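Engineer: Dropping a structure here in structure tokens format, bear with me for questions.
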Amino acid sequence: IPTKSELKKITLRRALPNTKEDIRIVKIGDDFDINACCGLHPKSTLDLRLIKIKKFEKHKEGTRIEFLSGNRAVEDSY
Numbered sequence: 001i002p003t004k005s006e007l008k009k010i011t012l013r014r015a016l017p018n019t020k021e022d023i024r025i026v027k028i029g030d031d032f033d034i035n036a037c038c039g040l041h042p043k044s045t046l047d048l049r050l051i052k053i054k055k056f057e058k059h060k061e062g063t064r065i066e067f068l069s070g071n072r073a074v075e076d077s078y
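Just so we're aligned, residue 1 is where the sequence shown starts under the UniProt record's numbering, counting upward by one.
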């Protein structure tokens, strides 16, 4: 988790959320993608249980993916 001054040096596609909380940065590869994380964080990947892709679509230069995980994915499967 970067400090406030380190955050100012990171180039992101979107503005950072206005919060006093720490902001986690998620980086994929050396230069593929970097974003401020806005999601929940499981204690372990075991907590995910299942990842269910609901839909995906082209969005600008990439792909937007809608998914469920954990109990929500399991409950949606019945």
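The C-beta atom is built at its ideal place from N, Cα and C for all residues, glycine as well. This one's a predicted model, so the numbers in the text were calculated from it and none came from an experiment.
Which residue from Ala73, Asp33, Leu48 puts its Cα closest to that of Lys54?
Structural biologist: Taking the sequence shown and counting its residues from 1, the one referred to as residue 54 is at position 54. Of the candidates Ala73, Asp33, Leu48, the one whose C-alpha sits nearest the C-alpha of Lys54 is Ala73.
Engineer: For the pair the stretch 6–20 and the stretch 33–43, tell me if three or more CB-CB distances fall below 8 Å.
Structural biologist: Yes, they touch.
Engineer: Report the residue from Pro42, Glu61, Cys38 whose alpha carbon sits nearest the alpha carbon of Thr19.
Structural biologist: Numbered from 1 along the sequence shown, position 19 holds the residue referred to as residue 19. Considering only alpha carbons, the answer is Cys38.
Engineer: Quick one: residues in its chain with C-beta nearer than 7 Å to the C-beta of Lys52, no 5 flanking neighbours on either side, listed in chain order?
Structural biologist: The count along the sequence shown starts at 1 and reaches residue 52 at position 52. Result list for Lys52: Phe67, Leu68, Ala73, Asp76, Ser77, in chain order.
Engineer: Quick one: residues in its chain with C-beta nearer than 6 Å to the C-beta of Arg64, no 5 flanking neighbours on either side, listed in chain order?
Structural biologist: Within the sequence shown, residue 64 is the residue found at index 64, counting from 1. Same-chain partners within the cutoff: Glu57.
Engineer: Which one or two residues does DSSP pair with Gly62 in a beta bridge?
Structural biologist: Mapped onto the sequence shown, residue 62 falls at position 62. Partner(s): His59.
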